[in-house]
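Contents: one structure, followed by commentary.
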Amino acid sequence: MIDIKQIRENPEKFKKAARDKRFDVDIDRLLTVDAGIQENKKQLQDITTEINKVGKSVPKLAGDQKQKVLAELSKLKQKASALDEKLKELQPEFDLLSLQVPQPTDDDVPVGKDDSESVEIRKDGKVRQFDFEPKDHVQLGAALDIIDIERGVRLAGTRNYFLKGDGALLHWGVLRFAMDFMVGKGYVPMSVPVLMKDEAMTGTGFFPGSEDQTYRMEADQLNLAGTAEVPLTAFRMGEILKADELPLKFAAMSTCFRREAGAAGKDTYGLYRIHQFDKIEQVVICENSVEVSNKFHEEILANSEAVMKALELPYRVVNVCTGDLGRGQVKKYDIEAWMPSRKNYCETHSASKFYEFQARRMDLRYKDPASKKNLFCHTLNNTVVASPRILIPILELYQNADGSVTIPKVLRPYMGGKEKITPRQD
RNA sequence: GGAGCAGUGGCCGAGCGGCUGAUGGCGACGGUCUUGAAAACCGUUUUACCCUUUGGGUAACGGGGGUUCGAAUCCCUCCUGCUCCGCCA
Numbered sequence: 053m054i055d056i057k058q059i060r061e062n063p064e065k066f067k068k069a070a071r072d073k074r075f076d077v078d079i080d081r082l083l084t085v086d087a088g089i090q091e092n093k094k095q096l097q098d099i100t101t102e103i104n105k106v107g108k109s110v111p112k113l114a115g116d117q118k119q120k121v122l123a124e125l126s127k128l129k130q131k132a133s134a135l136d137e138k139l140k141e142l143q144p145e146f147d148l149l150s151l152q153v154p155q156p157t158d159d160d161v162p163v164g165k166d167d168s169e170s171v172e173i174r175k176d177g178k179v180r181q182f183d184f185e186p187k188d189h190v191q192l193g194a195a196l197d198i199i200d201i202e203r204g205v206r207l208a209g210t211r212n213y214f215l216k217g218d219g220a221l222l223h224w225g226v227l228r229f230a231m232d233f234m235v236g237k238g239y240v241p242m243s244v245p246v247l248m249k250d251e252a253m254t255g256t257g258f259f260p261g262s263e264d265q266t267y268r269m270e271a272d273q274l275n276l277a278g279t280a281e282v283p284l285t286a287f288r289m290g291e292i293l294k295a296d297e298l299p300l301k302f303a304a305m306s307t308c309f310r311r312e313a314g315a316a317g318k319d320t321y322g323l324y325r326i327h328q329f330d331k332i333e334q335v336v337i338c339e340n341s342v343e344v345s346n347k348f349h350e351e352i353l354a355n356s357e358a359v360m361k362a363l364e365l366p367y368r369v370v371n372v373c374t375g376d377l378g379r380g381q382v383k384k385y386d387i388e389a390w391m392p393s394r395k396n397y398c399e400t401h402s403a404s405k406f407y408e409f410q411a412r413r414m415d416l417r418y419k420d421p422a423s424k425k426n427l428f429c430h431t432l433n434n435t436v437v438a439s440p441r442i443l444i445p446i447l448e449l450y451q452n453a454d455g456s457v458t459i460p461k462v463l464r465p466y467m468g469g470k471e472k473i474t475p476r477q478d
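According to the working numbering, the stretch in the first sequence is residues 53 to 478, in order.
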């Protein structure tokens with residue numbers, strides 16, 4: 053959410069942000085509603101002052117005079133309640149509109165309409181050239197009997213799967229490796245609830261807007277989070293933190309649920325786009341400073357790059373263009389891993405910087421010692437690793453001519469020291 | 001799910017229709033004293049918004065609604081916590 057004062061002062065800035073990010077929001081209407089609210093509030097306040105003043109004199113009066121004053125009061129109260137009605141009418145519209153105003157991006161974010169216009173920042177690792185006909189991860193998964201998509205779909209519908217045997221171990225192994233890495237970096241490991249109230253969804257910026265991407269438990273009015281960003285970022289929602297608590301650095305492992313509505317027919321093959329997966333997510337909550345935010349944005353990106361390097365996967369880092377940014381994101385780096393079967397670099401990580409956008413929605417503040425004011429925190433988050441998507445490059449890039457898959461060195465401790473996944477001996 | 005009790009400022013804890021944004025204690029901060037510290041003493045210590053020159057006003061005692069000229073205080077409702085009962089992976 054954006055400070056309404058900023059929108060009043062410079063509406064053009066936010067209209068431009070909406071255009072660049074391709075969000076549709078009526079900022080002029082917002083300002084009209086805002087002006088109405090301000091005017092009504094002012095009048096209401098004046099009348100309330102009057103009522104309070106007159107009301108105080110009541111106990112001292114008696115007889116006719118008392119009746120006269122009471123009559124006057126009842127007239128004032130009618131006026132007040134009319135103004136109150138008007139405010140109650142305007143407020144919901146104001147709330148809805150103001151939640152929709154997107155945050156302008158940093159100046160160095162490329163303006164563009166979709167991922168084709170995002171800008172590559174750097175590449176790391178060598179794309180493997182095969183001297184045999186490589187299999188894709190679905191073929192490998194079937195041949196090694198570690199992935200069962202057919203039965204996943206039969207039991208749970210499209211975009212569902214089972215991982216089996218070494219497939220399940222590899223999945224948990226890469227998650228465990230990533231979590232251990234983050235704990236080593238000083239991030240606090242967290243196990244989190246994934247059924248979230250609307251407040252947490254709104255606070256993190258997913259609502260309004262992504263309701264159709266979210267599994268909803270209507271009977272309990274709860275939502276299945278699509279990422280641990282929601283519980284982690286909202287963890288201290290509504291609180292005023294002590295300055296010396298900052299920065300808060302968290303890492304959580306959670307199962308993530310996504311409806312993928314509107315993606316019908318897109319990425320239907322294999323484990324790329326699925327309804328349920330597991331992810332280690334990192335979240336930083338820091339002081340209200342652009343410099344500090346920028347520092348942590350680089351830090352959380354570096355953390356994830358370190359994981360990719362440890363896994364020895366070739367990847368590139370992309371500065372995501374305006375059209376692919378969320379409403380609240382100021383800047384976003386994606387890490388894309390090379391996936392042989394897709395013949396492309398594909399997103400495996402997404403590092404977002406929000407400044408105070410999420411904190412303002414959640415009313416997450418800290419007491420600033422310098423100004424003695426309560427300031428909104430800044431928030432950031434990034435994937436550490438998401439599996440099974442990460443298994444796509446791992447399986448495909450680590451495969452051998454004999455059909456086996458070499459296990460990345462750093463994952464072997466998590467798989468009982470095993471070096472290779474070999475085909476089933478039927 | 002049923003019954004009972006409770007929810008006040010950073011914390012503890014008073015207040016139970018107007019003089020209470022809220023006594024007191026603890027903590028924190030500033031000062032006096034001291035070579036320094038402790039103790040003692042004095043003072044400060046919620047937040048949001050509005051008008052403004054110092055300053056003034058409005059709102060908030062779990063949320064929402066009601067009664068009343070006036071509510072932290074009375075009523076309704078919801079939420080949360082605790083205790084007991086029931087049920088259950």
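Quick reminder that beta carbons are idealized off the backbone N, C-alpha and C, glycines included.
Treat the numbers as computed from the prediction; the structure is a model and nothing was measured.
DSSP bridge partner residues for threonine 210 (one or two, in chain order): One-based indexing of the first sequence puts residue 210 at position 158. Note: threonine 210 sits in no beta bridge, so no partner.
Specify the secondary structure class of valine 77 as computed by DSSP and reduced to three states. Along the first sequence, one-based indexing puts residue 77 at 25. Residue state, collapsed to three classes: coil.
How many whole angstroms separate the CB atoms of methionine 360 and isoleucine 387, which I take to be in contact at a CB cut-off of 8 Å? Working through the first sequence from its first residue, we reach residue 360 at position 308. Working through the first sequence from its first residue, we reach residue 387 at position 335. Sure, about 6 Å apart at Cβ, within 8 Å.
Hey, valine 282 and methionine 248 are a contact pair by Cβ (cut 8 Å); roughly how many whole angstroms apart? Within the first sequence, numbered from 1, the residue matching residue 282 stands at position 230. Within the first sequence, numbered from 1, the residue matching residue 248 stands at position 196. Confirmed, about 5 Å.
Identify the residues that DSSP records as bridge partners of leucine 363: which are they? Taking the first residue of the first sequence as position 1, residue 363 is located at position 311. Paired residue(s): none; leucine 363 is not in a bridge.
Say whether the segment 405–419 touches the segment 196–214, bearing in mind that this needs 3 or more beta-carbon pairs closer than 8 Å, one atom from each stretch. Taking 8 Å as the limit for Cβ pairs, the verdict is that the segment 196–214 does not touch the segment 405–419.
Helix, strand or coil for leucine 113? Go by DSSP, reduced to three states. As a position in the first sequence, residue 113 is number 61, starting the count at 1. Coil at leucine 113, not helix or strand.
The alpha helix (DSSP H) enclosing lysine 57, as first and last residue numbers: Within the first sequence, numbered from 1, the residue matching residue 57 stands at position 5. Element bounds for lysine 57: 56–61.
By how many angstroms is the C-alpha of valine 85 removed from the C-alpha of leucine 148? Counting from 1 along the first sequence, the entry for residue 148 is found at position 96. Counting from 1 along the first sequence, the entry for residue 85 is found at position 33. Rounded to the nearest angstrom, the two C-alpha atoms are 11 Å apart.
Using a Cβ-Cβ cutoff of less than 8 Å, which residues in the same chain neighbour lysine 216 once the five nearest sequence positions on both sides are dropped? What you label residue 216 is simply residue 164 of the first sequence in a count that begins at 1. Here the set comprises Asp197, Ile198, Ile199 and Asp200.
Which residue from Leu377, Lys301 and Ser345 puts its Cα closest to that of serine 402? Start at 1 with the first residue of the first sequence, and residue 402 comes out as number 350. With distances taken between CA atoms, serine 402 lies nearest to Leu377 out of Leu377, Lys301 and Ser345.
Compute the distance between the beta-carbons of leucine 447 and histidine 189, then report whether it is under 8 Å. The residue you call residue 447 lines up with position 395 of the first sequence. The residue you call residue 189 lines up with position 137 of the first sequence. Yes, the Cβ-Cβ distance between leucine 447 and histidine 189 is below 8 Å.
Where phenylalanine 302 and isoleucine 352 are concerned, what is the direct C-alpha to C-alpha distance, given to the nearest angstrom? Walking along the first sequence from the start, residue 302 turns up at place 250. Walking along the first sequence from the start, residue 352 turns up at place 300. Looking at the two C-alpha atoms, the distance is approximately 11 Å.
Return the Cβ separation of phenylalanine 184 and arginine 379 in integer angstroms, given the expectation that the two are a contact with Cβ distance under 8 Å. The residue you call residue 184 lines up with position 132 of the first sequence. The residue you call residue 379 lines up with position 327 of the first sequence. About 47 Å; that fails the 8 Å criterion.
Separation of glycine 257 from histidine 327, as counted between CA atoms: Here residue 327 corresponds to residue number 275 of the first sequence, with the count starting at 1. Here residue 257 corresponds to residue number 205 of the first sequence, with the count starting at 1. When rounded, the distance between both Cα atoms is 20 Å.
Quick one: grab the DSSP three-state call for tyrosine 483. There is simply no residue 483 to check, as the chain begins at 53 and stops at 478 in what is shown.
6 Å Cβ shell around glycine 88 - same chain, five flanking residues per side excluded: Taking the first residue of the first sequence as 1, we reach residue 88 at position 36. Around glycine 88: Leu142.
CA-CA distance, valine 526 and leucine 284? In the structure as shown, the chain starts at 53 and stops at 478, and residue 526 therefore has no counterpart that could be examined.
Of the residues Gln97, Asp158 and Glu339, the one placed nearest alanine 422, counting alpha carbons only: Residue 422 sits at position 370 when you count from the first residue of the first sequence. Of Gln97, Asp158 and Glu339, the residue nearest in Cα terms is Glu339.
I need the straight-line Cα distance from tyrosine 267 to valine 244, nearest angstrom please. As a working mapping, residue 267 is identified with position 215 in the first sequence. As a working mapping, residue 244 is identified with position 192 in the first sequence. The straight-line gap from Cα to Cα measures roughly 17 Å.
Give, in chain order, every unbroken run of the alpha helix (DSSP H) that is at least 4 residues long and sits entirely within the segment 273–361. 281–285
For the segment 309–329 against the segment 267–279, are there 3 or more C-beta pairs whose distance is under 8 Å? yes
Comparing alpha-carbon positions, which option in Leu298, Lys461, Gly115 and Trp224 lies nearest phenylalanine 428? In the first sequence, counting from the first residue as 1, residue 428 sits at position 376. Nearest option by C-alpha distance: Leu298.
Give me the DSSP bridge partner(s) of leucine 247. Indexing the first sequence from 1 puts residue 247 at position 195. Bridge partners of leucine 247: Leu276.
Hey, asparagine 426 and isoleucine 292: beta-carbon distance below 8 Å or not? Residue numbering aside, residue 426 sits at position 374 when the first sequence is read from its first letter. Residue numbering aside, residue 292 sits at position 240 when the first sequence is read from its first letter. Going by C-beta atoms, asparagine 426 is nearer than 8 Å to isoleucine 292.
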